[in-house]
Each structure stands twice: as structure tokens, then as C-alpha cells.
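Residue numbers (this note's numbering): 14 to 428.
Positions of the beta carbon are idealized from the N, C-alpha and C atoms, including for glycine.
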């Protein structure tokens with residue numbers, strides 16, 4: 014562990030050629046809400062807006078130190094790791110081939126190309142990431158290139174540990190608790206490994222997206238296992254299988270310290286941070302802040318550091334984030350209503366809406382009978398309890414309806 018701590022400190026010193034320490038900021042909004050000292054380690058403010066640059070840079074410098082003749086690197090990524098590697102390739106003057114799924118948003122492709130410039134080649138391969146990864150590794154085998162893993166690599170883990178080196182240097186004393194997002198486990202393994210030696214009294218909470226809880230699954234099984242399916246909304250942390258190396262370093266973790274954050278609730282946190290604080294976080298970057306809701310009783314009066322791991326958010330996704338947040342909070346619902354085809358029926362229905370209710374969608378789906386038609390209606394309101402009064406009025410008037418808000422199949426098809 015002493016060697017790991019020294020290597021992490023070396024990584025923190027080396028990465029200064031790329032950027033200054035990311036800020037550690039006390040957040041008054043969150044501190045007041047939770048009656049605690051809440052600090053944000055702003056990894057969303059690196060040059061590539063995520064901590065991934067640290068691991069990519071450290072791994073690349075280590076490889077080049079061991080083998081100066083290695084001039085070609087490869088990775089498979091549709092997001093932050095690709096951008097971190099591209100930035101590092103340009104810095105070291107080496108060539109990088111970055112494999113991305115064909116479905117990668119153009120914004121991410123463009124940003125990766127900007128960071129890497131003439132030092133990177135982007136290859137769009139495969140509809141799914143597994144296909145992209147297989148293509149990248151096959152290319153490495155034939156071209157003699159170095160595969161730069163996103164998390165499951167000791168040098169990458171050392172690079173991510175530089176986050177812990179910085180935050181301890183930025184505080185008067187070690188925090189009571191550090192809250193870490195977990196995907197493949199590189200950041201968690203690095204920060205935990207360093208602080209076990211440098212700040213043994215600090216506790217940890219590890220936060221995964223509920224639809225990609227690979228760390229909890231690995232702890233239960235005693236080894237990394239592949240999840241049957243994942244929810245890809247939290248794309249920076251939704252990993253089907255955490256790394257073997259990262260898990261080996263985290264295997265002694267108490268399962269009770271590993272929490273799962275619902276994807277739709279994360280949307281509420283993203284909007285709060287944007288609207289209250291002007292902080293743009295991607296879904297994975299908001300994980301640690303979102304988890305404070307579950308930790309409220311445990312952190313009162315304590316000093317807590319949340320690592321905001323990334324801010325690569327495409328604002329074209331903002332309507333989806335708002336929609337998911339409203340639905341989770343109970344402020345927006347969708348109904349299929351059987352509307353009588355008679356004069357005054359629509360007016361009668363509209364009269365049932367309260368002063369805080371607003372129609373967000375109204376669409377005739379079909380006429381199910383000569384005298385009736387099926388209507389898809391979306392309603393927004395200011396308080397969840399308003400829907401109770403609305404349903405009572407529908408029932409009293411004899412309207413037939415179905416709430417499809419939580420019906421995933423119907424909601425995905427119709428909404």
C-alpha cells in the first residue's frame with residue numbers, strides 16, 4: 014500500500030502538466046439541506062470534463078516510460094474515456110485509434126476529435142459496445158498497438174487515485190466520509206486504496222445506478238459477474254461487469270456501504286444542481302450528490318466529500334431529464350382515457366382539472382367504439398396529491414381510464 018500511495022502521489026504531480034488541481038468547493042445549498050459540511054470535488058472541471066483524463070494520462074506515461082517505442086494506442090469508448098485518451102495522445106505525440114459504436118452521438122465524436130486533433134483516428138464500429146470492444150482488441154492484436162483499458166488496469170487506477178491525493182491536500186483535515194460513483198471501479202479502487210493509508214479514519218459510500226449495479230452483484234457473488242441487462246441512461250457508470258483488478262482491490266467492501274440510485278431520481282438531482290447552483294453534471298457525475306438523499310440521517314454534522322465525476326451532458330437530453338424527474342416526483346402522469354363521443358364530454362373532462370394542473374399532451378389514439386375514443390393524455394401538476402383529487406373526479410363522473418405512467422412497455426411505445 015505504501016508503494017501504491019507513492020505512485021498515486023507521483024501521478025498527481027505528473028498530471029499537473031495538463032491541468033491544475035480541480036476545485037474542492039463547499040456547497041452551501043447542500044450543506045444547509047443536510048445539516049452537514051458538503052464539499053464537491055469538481056472532476057467535471059478537468060479539460061475533458063471528467064476524471065477519466067487522469068487514468069488515461071497516467072497509464073500512457075507509464076507505458077511510454079517502459080517502452081518508448083510504443084507509438085500507437087487503442088481504446089473502445091463512446092464517452093469520457095475516449096476523450097481522455099484523445100487528450101493524452103495529443104500531449105504525448107502518439108497516435109490513438111478510438112473505436113466507437115456507430116450509434117455514438119455526433120457531439121461525442123466531435124469532442125473526441127477536437128481533443129485528439131491529428132493524433133487520433135476514430136472508427137465507428139458495431140451497433141453495441143461489445144461489438145466495438147471486440148473490434149478494438151482484434152485491431153490491437155494485428156497492429157501491435159497498446160489497448161488502453163478504461164478502468165481495469167493498475168496504472169489507470171493509480172491515475173484515478175490522484176483525486177484523493179488532491180482532495181486531502183485541499184482540506185485542513187480528512188473528511189468523515191467520501192461518496193464515490195462506481196461504474197467499472199477504477200475511481201473507487203484508486204481513491205479507496207490511497208485513503209486507506211493516508212486517511213484511515215475516513216469512511217466511504219459507493220453509489221451505482223440502479224440499472225447497472227455490477228459492484229453489488231460482484232460482492233454478492235464473491236467475484237465480478239455480468240449483469241443480464243443494464244439501463245444505459247447513466248452511461249458513464251452503467252457497466253455490465255466491473256473489472257477483475259478493480260474488484261480485487263475492493264473485495265473487502267461492506268455491502269451495506271454500496272447504494273443504488275434510481276435513474277429517474279438522478280434526473281431530479283441533475284436539475285437541482287443546474288437550477289440552484291449552475292453546475293452541469295452528466296448522470297454519472299450526479300450519482301454522489303443524489304446519494305445524499307439516502308445518507309441524510311447518517312451525515313448530519315459531518316464533513317462529506319462528493320466526487321462529481323463528470324459534466325459531459327448533451328443539452329439535447331434535457332427534455333428527457335425533465336420528463337423523468339417529473340414522473341419520479343409524481344408531478345407528471347400519463348393516462349389512456351376512454352372519451353365519450355358526445356357534445357360537452359371534453360368540456361366536462363377539462364373541468365375536472367385543478368388550478369395547478371396542466372395538460373402536457375393530448376392525442377386521440379383511436380375510436381374504440383362508435384361512441385367512444387381512446388385518448389392519450391399527459392398531465393403536469395405542482396403537487397403529487399393533486400392526482401388523487403383528479404382521479405376521484407374521474408371516478409365520480411364515470412370516466413374509464415388507465416394510468417400508464419409506470420407501465421414500461423406502454424409508456425415506451427406511446428410516450
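Beta-carbon gap between residue i and residue j smaller than 8 Å
i           : j           : result
residue 178 : residue 56  : no
residue 37  : residue 144 : no
residue 72  : residue 169 : yes
residue 385 : residue 415 : no
residue 54  : residue 176 : yes
residue 219 : residue 193 : yes
residue 133 : residue 102 : yes
residue 245 : residue 239 : no
residue 121 : residue 92  : yes
residue 280 : residue 373 : no
residue 351 : residue 413 : yes
residue 94  : residue 124 : no
residue 128 : residue 61  : yes
residue 214 : residue 174 : no
residue 207 : residue 19  : no
residue 149 : residue 160 : yes
residue 315 : residue 185 : no
residue 369 : residue 394 : yes
residue 51  : residue 317 : yes
Beta-bridge pairing of residue i - partner residues as DSSP gives them
i           : result
residue 340 : Residue 340 is not bridged to any residue.
residue 320 : 54
residue 88  : 111
residue 392 : 346, 372
residue 352 : 386
residue 134 : 110
residue 271 : 219
residue 262 : For residue 262, which the question treats as bridged, DSSP gives no partner whatsoever.
residue 416 : 348
residue 39  : 52
residue 63  : 323
residue 377 : 388
When the options are compared against residue i, the one with the closest alpha-carbon
i           : options            : result
residue 30  : 78, 105, 84        : 105
residue 198 : 185, 227, 186, 396 : 227
residue 171 : 195, 144, 202, 267 : 202
residue 389 : 349, 421, 401, 356 : 349
residue 322 : 346, 345, 191      : 191
residue 109 : 127, 84, 117, 123  : 84
residue 287 : 63, 156, 328, 158  : 328
residue 310 : 46, 283, 17        : 46
residue 282 : 271, 261, 262, 304 : 304
residue 285 : 369, 43, 18, 19    : 43
residue 59  : 254, 96, 80, 422   : 96
residue 433 : 208, 260, 249      : No answer is possible for residue 433: it lies beyond the span of the chain, which begins at 14 and ends at 428.
residue 167 : 242, 128, 253, 70  : 70
residue 265 : 159, 423, 217, 81  : 217
residue 116 : 129, 136, 152      : 136
residue 291 : 393, 324, 394      : 324
residue 151 : 376, 331, 425, 111 : 111
residue 330 : 293, 422, 342, 316 : 293
residue 16  : 271, 211, 341      : 211
residue 271 : 221, 254, 404, 67  : 221
residue 436 : 196, 340, 131      : Within the shown structure, residues of the chain are numbered from 14 to 428, placing residue 436 beyond reach of any answer.
residue 332 : 209, 277, 189      : 277
Nearest-angstrom Cα separation, counted from residue j out to residue i
i           : j           : result
residue 360 : residue 366 : 11 Å
residue 49  : residue 40  : 10 Å
residue 119 : residue 87  : 20 Å
residue 100 : residue 236 : 33 Å
residue 417 : residue 346 : 8 Å
residue 223 : residue 275 : 5 Å
residue 396 : residue 371 : 12 Å
residue 164 : residue 427 : 38 Å
residue 296 : residue 357 : 45 Å
residue 256 : residue 399 : 46 Å
residue 447 : residue 312 : Only positions 14 to 428 of the chain appear in this structure, which leaves residue 447 out of reach.
residue 33  : residue 267 : 34 Å
residue 234 : residue 344 : 38 Å
residue 392 : residue 25  : 51 Å
residue 113 : residue 225 : 20 Å
residue 254 : residue 200 : 15 Å
residue 156 : residue 126 : 21 Å
residue 243 : residue 421 : 15 Å
residue 306 : residue 336 : 20 Å
residue 410 : residue 362 : 9 Å
Min CB distance residue i to chain C below 8 Å
i          : result
residue 43 : Structure shown: chain C not included; a single protein chain is present.
Checklist entry - Taking only runs of the beta strand (DSSP E) that begin and end inside the segment 180-259, which ones reach a length of at least 3 residues, in chain order? => result If we require 3 residues or more, the beta strand (DSSP E) runs fully inside the segment 180-259 come out as 190-194, 216-222.
Item to check | Any beta strand (DSSP E) of 3 or more consecutive residues that is wholly inside the segment 280-334 | outcome: 316-321
Next on the checklist: At 3 residues or longer, what runs of the beta strand (DSSP E) sit wholly inside the segment 121-171?
Outcome noted: Counting whole runs of 3 or more residues, the segment 121-171 contains the beta strand (DSSP E) stretches 133-137.
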